[in-house]
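Colleague: Respectively, the protein sequence lines represent chains A and B.
According to my numbering, the first sequence is numbered sequentially starting from 1.
According to my numbering, the second sequence is numbered sequentially starting from 358.
Cβ coordinates follow ideal geometry from the N, Cα and C atoms, glycine included.
All values reported here derive from a predicted model rather than from experimental measurement.
There are 2 protein chains.
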Amino acid sequence: MILGALAKQEINWLKSNPPAADNVQEDGIVMSSRVRLARNLSNQPFPLRADRILQLSTMDKVVSAVQSINLLSNAYVHKLNDLDKIDRLLLMERHLISHEHASNINGGPGLVFTRDETISIMVNEEDHLRMQVITPGLSPKIAWKTLNEIDDGLNEKLKFAFHPRWGYLTACPTNIGTGMRVSCLMHLPGLVITNEIERLFNGLTRVGLTARGFYGEGTKPLGDIFQISNAVTLGKNEESIIDDLGKVVNSIIRYEKGARQKLLKDSLKEKVEDNIYRSYGILSFAKSIETEEAIQHISKLKLGLSLKMKLAVKLDSIDQLIFTIQPAHLQEIVGRELTAEQRDATRAELIRKSLIN
Amino acid sequence: MILGALAKQEINWLKSNPPAADNVQEDGIVMSSRVRLARNLSNQPFPLRADRILQLSTMDKVVSAVQSINLLSNAYVHKLNDLDKIDRLLLMERHLISHEHASNINGGPGLVFTRDETISIMVNEEDHLRMQVITPGLSPKIAWKTLNEIDDGLNEKLKFAFHPRWGYLTACPTNIGTGMRVSCLMHLPGLVITNEIERLFNGLTRVGLTARGFYGEGTKPLGDIFQISNAVTLGKNEESIIDDLGKVVNSIIRYEKGARQKLLKDSLKEKVEDNIYRSYGILSFAKSIETEEAIQHISKLKLGLSLKMKLAVKLDSIDQLIFTIQPAHLQEIVGRELTAEQRDATRAELIRKSLIN
Chain A
1 MILGALAKQE INWLKSNPPA ADNVQEDGIV MSSRVRLARN LSNQPFPLRA
51 DRILQLSTMD KVVSAVQSIN LLSNAYVHKL NDLDKIDRLL LMERHLISHE
101 HASNINGGPG LVFTRDETIS IMVNEEDHLR MQVITPGLSP KIAWKTLNEI
151 DDGLNEKLKF AFHPRWGYLT ACPTNIGTGM RVSCLMHLPG LVITNEIERL
201 FNGLTRVGLT ARGFYGEGTK PLGDIFQISN AVTLGKNEES IIDDLGKVVN
251 SIIRYEKGAR QKLLKDSLKE KVEDNIYRSY GILSFAKSIE TEEAIQHISK
301 LKLGLSLKMK LAVKLDSIDQ LIFTIQPAHL QEIVGRELTA EQRDATRAEL
351 IRKSLIN
Chain B
358 MILGALAKQE INWLKSNPPA ADNVQEDGIV MSSRVRLARN LSNQPFPLRA
408 DRILQLSTMD KVVSAVQSIN LLSNAYVHKL NDLDKIDRLL LMERHLISHE
458 HASNINGGPG LVFTRDETIS IMVNEEDHLR MQVITPGLSP KIAWKTLNEI
508 DDGLNEKLKF AFHPRWGYLT ACPTNIGTGM RVSCLMHLPG LVITNEIERL
558 FNGLTRVGLT ARGFYGEGTK PLGDIFQISN AVTLGKNEES IIDDLGKVVN
608 SIIRYEKGAR QKLLKDSLKE KVEDNIYRSY GILSFAKSIE TEEAIQHISK
658 LKLGLSLKMK LAVKLDSIDQ LIFTIQPAHL QEIVGRELTA EQRDATRAEL
708 IRKSLIN
């Protein structure tokens, strides 16, 4: 465990009111925006086909190229095999690496990320490079501007595999073309409570978008938080993909706001408020609580704040709390491995303290 | 609704530390003791066989006899048909009348009870008279002393049906003989949590005792509160019945204390404390709560106090609260009929206020 300082650091891409032009703070509905590019070195086998030696050579090339990029000059570089499983889990909990990358212990998995965690590059995940920029609120254009700059800089040094007809080549055909995935992390409790979420998700599929869980692909939603992202990476340029996602996300914001208006109607209002206050009561007094249950209750407080209920918490700290109560965070913060029971007790304590402050 | 003042009055037989010789305050385990006698006028049909005229004449005779008894000189007298259904429900909630008597609207159901509610007489329930004395804590002997005195006084005036071989005659053969039922209202959360309660209840049956629900025979337990009473009224004198019940109740107190000791053991302690604090949190913040759920959580606080947990409530007010949050109480307190939703909201508010005070 060597990442305690990181665990204690606030997540910058959750901070509201960033100085970003296309950012619209919609009652915390859009928590963050993320753009990632999948890139591979030309004339090199993909990581899953490369042995450890080849993977380490890829890592060396990436690290050397990174040093020439201004935006990445202060970045941390980690070989994941040098980190223990709690450190790797922490990186996943902070959305710096994928679930798969956290458990990838063969070959030479690597990670480069800036001190503010907004820019990161997974090396030797499914592709040689998975680069991402995460920014607060609804701001995929801001994220894309930065990522595009990094992509251009690295391409000069690394020569990415590119086919004139198919675009950027990737290990999995679902990423070919732009290699781009753009997503927004959205808090949609209104649509969940009013049972409109299923219909919305069915609609997304028809416009080439998809809804994923809290930790991305193949993970389940927690606390009514979903990743809305493009499903198709081919046949559109990057700007169109971002524009199209932005339009749909704006529609979802409107739907969610409409659903929250319904929650304020007489018959539902008392039930919803009761529900939120009960979550507040449980979080204020529980002595032991599991991650999933905690996130569900915290999500309720987040909804309560947007409904202007009087709760002694701030939206910013609520968002941070969703991340810091995760298992690896707790263990990094206390500086030692904990049993499940100890984690549940530590989690409850951390939540109680953060509600008092 | 004319019993608002009664609804607002504290229940005297729940107050701890009464000046009673045989009372032992066992961490609130025994909430109250009750002795009742079933009596019938001789040469008169039982109430279920009597028409309205005959029932009213019984009521008149009882009321006239009552006036000659010192202990009852200030008693209230009610014909239940003059009360609306909320008033009658209030009397049941305060354990002054049975579930059956509350819904008895044919004939001439009546009630006589002292201002402190410790002595009451149901008239024209199943028997002509059902007299009871309720006292706080473990004190059936105190209750019996008072009730015996009243029984003697009334017998002089009313001449109760008595058979030299079978004893006092009653409408149902399960009450024949002494006509006596003695019971203790016991809070047994320890035995419930440790799953020992079933075995205890099976044992009770073998020694001629029985466990009943919160409102007595045919009602279900609420908040781990049970009425432990004698099942047999025949073949023993009153003192033996009381002695035998007292012995068993003292054993149950020991079992319950033993169970609570188990709850303080490492593995269970955190779970139990978490559970109690969650109840505290829910009661502190809920905006709507049903009677059963509320009593379950209040019961947890009562347990918490006995486990020396820091909770901003007093045992006395906890016991009172279990009674005042009942539906008729709430409506009498606010002075008007409420819908189920309104009751749930009023109940939650009353609980929140009583936890703050």
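1) Identify the residues that DSSP records as bridge partners of G213 of chain A: which are they?
2) Taking only three categories from DSSP, how would you classify L526 of chain B?
3) For P401 of chain A, which residues does DSSP report across the bridge?
4) If you follow the alpha helix (DSSP H) that Q320 of chain A is part of, which residue opens it and which one closes it?
5) By alpha-carbon positions, which one of A:I325, A:P47, A:A345 and A:K353 ends up nearest to E93 of chain A?
6) Which residues does DSSP list as the beta-bridge partners of S586 of chain B?
7) Determine, using beta-carbon pairs with one atom in the segment 100-113 of chain A and one in the segment 67-85 of chain A, whether at least three such pairs fall under 8 Å.
8) Of all Cβ atoms in chain B, is any one closer than 8 Å to the Cβ of S288 of chain A?
9) Below 7 Å CB to CB, which residues in the same chain sit around N587 of chain B once its five sequence neighbours on both sides are set aside?
10) For G304 of chain A, which three-state DSSP category applies?
11) Are H297 of chain A and S279 of chain A touching if we call contact CB-CB under 8 Å?
12) Mind pulling the alpha helix (DSSP H) runs of 4 or more residues that sit fully within the segment 397-474 of chain B?
13) Does the distance from the CB of L342 of chain B to the CB of V419 of chain B come in under 8 Å?
14) For G223 of chain A, does the three-state DSSP call read helix, strand or coil?
15) Any beta-carbon of chain A closer than 8 Å to the one on S430 of chain B?
16) Mind checking Q227 of chain A: buried by the 16 CB within 10 Å criterion, or exposed?
17) Does N23 of chain A pass the burial test, meaning 16 or more other C-beta atoms within 10 Å, or should it be called exposed?
18) May I ask you to report which of helix, strand or coil DSSP gives V24 of chain A?
19) What span of residues does the alpha helix (DSSP H) with I282 of chain A cover, start to end?
20) Which chain B residues sit within Cβ distance under 7 Å of D274 of chain A?
21) Tell me, to the nearest whole angstrom, how far the beta carbon of V392 of chain B is from that of Q489 of chain B; I am working on the premise that it is less than 8 Å.
22) Taking C-alpha atoms, which residue in B:S421, B:L664 and B:Q677 lies nearest to E367 of chain B?
23) When you compare the CB of R343 of chain A with every CB in chain B, is at least one pair closer than 8 Å?
24) Enumerate in chain order the residues of its own chain whose CB-to-CB distance from V192 of chain A is below 8 Å, with the five nearest sequence positions on each side excluded.
25) So, with DSSP's three-state summary, where would you put M1 of chain A?
26) What distance in whole Å lies between the Cβ atoms of G464 of chain B and P404 of chain B, which are believed to be in contact at a cut-off of 8 Å?
27) Helix, strand or coil for I598 of chain B per DSSP?
28) Within its chain, find whatever has a CB closer than 6 Å to the CB of D127 of chain A; leave out the 5 residues flanking it on each side and keep chain order.
29) From S421 of chain B to E555 of chain B, what does the alpha carbon distance come to, in whole angstroms?
30) Taking buried to mean at least 16 other C-beta atoms within 10 Å of its own C-beta, is W166 of chain A buried or exposed?
31) Taking Cβ positions, are E117 of chain A and L96 of chain A nearer each other than 8 Å?
32) Less than 8 Å between the CB atoms is what I'm expecting for P521 of chain B and L660 of chain B, so what's the real figure, rounded?
33) Looking at the secondary structure, which residues open and close the alpha helix (DSSP H) in which I11 of chain A lies?
34) Identify which residue in B:K514, B:N512 and B:I476 has its Cα closest to the Cα of A500 of chain B.
35) Can you tell me the Cα-Cα spacing of A669 of chain B and G179 of chain A, whole angstroms?
36) Where DSSP assigns a beta bridge to S645 of chain B, which residues make up the other side?
Modeller: Once the coordinates are examined:
1) DSSP, once it has assigned bridges, lists A:G216 as partnering G213 of chain A.
2) coil
3) Because chain A spans 1 through 357 in this model, residue 401 of chain A falls outside it and cannot be assessed.
4) L315 to T324
5) A:I325
6) DSSP links S586 of chain B through a beta bridge to B:S540 and B:T567.
7) yes
8) yes
9) Closer than 7 Å at the Cβ level, and outside the excluded window around N587 of chain B, lie R538, V539, G565, L566, I598 and L602.
10) Helix at G304 of chain A.
11) yes
12) 409-423, 442-450 and 456-459
13) Since the displayed chain B opens at 358 and closes at 714, residue 342 of chain B lies outside it and no answer follows.
14) coil
15) no
16) buried
17) Per-residue confidence for N23 of chain A stands at a pLDDT of 44, beneath the threshold of 50, marking its modelled position as unreliable; the derived number appears in the next sentence. Buried, because 16 or more other Cβ atoms sit within 10 Å of the Cβ of N23 of chain A.
18) For V24 of chain A, the predicted model reports a pLDDT of 46, less than 50, meaning its position is unreliable and no value from the coordinates is stated.
19) From DSSP, the alpha helix (DSSP H) with I282 of chain A extends over D266 to F285.
20) A643, K644 and S645
21) 7 Å
22) Of the candidates B:S421, B:L664 and B:Q677, the one whose C-alpha sits nearest the C-alpha of E367 of chain B is B:Q677.
23) no
24) Exclusion of the five residues before and after V192 of chain A leaves D224 as the residues of its chain whose Cβ lies within less than 8 Å of its Cβ.
25) coil
26) 6 Å
27) helix
28) A38, N40, T170 and A171
29) 46 Å
30) Counting Cβ neighbours within 10 Å, W166 of chain A comes out exposed, since fewer than 16 surround it.
31) yes
32) So it is not a contact: roughly 49 Å between Cβ atoms.
33) No alpha helix (DSSP H) contains I11 of chain A, which DSSP labels as neither H nor E.
34) B:I476
35) In a straight line, the C-alpha of A669 of chain B is about 59 Å away from that of G179 of chain A.
36) Partner(s): none; S645 of chain B has no beta bridge.
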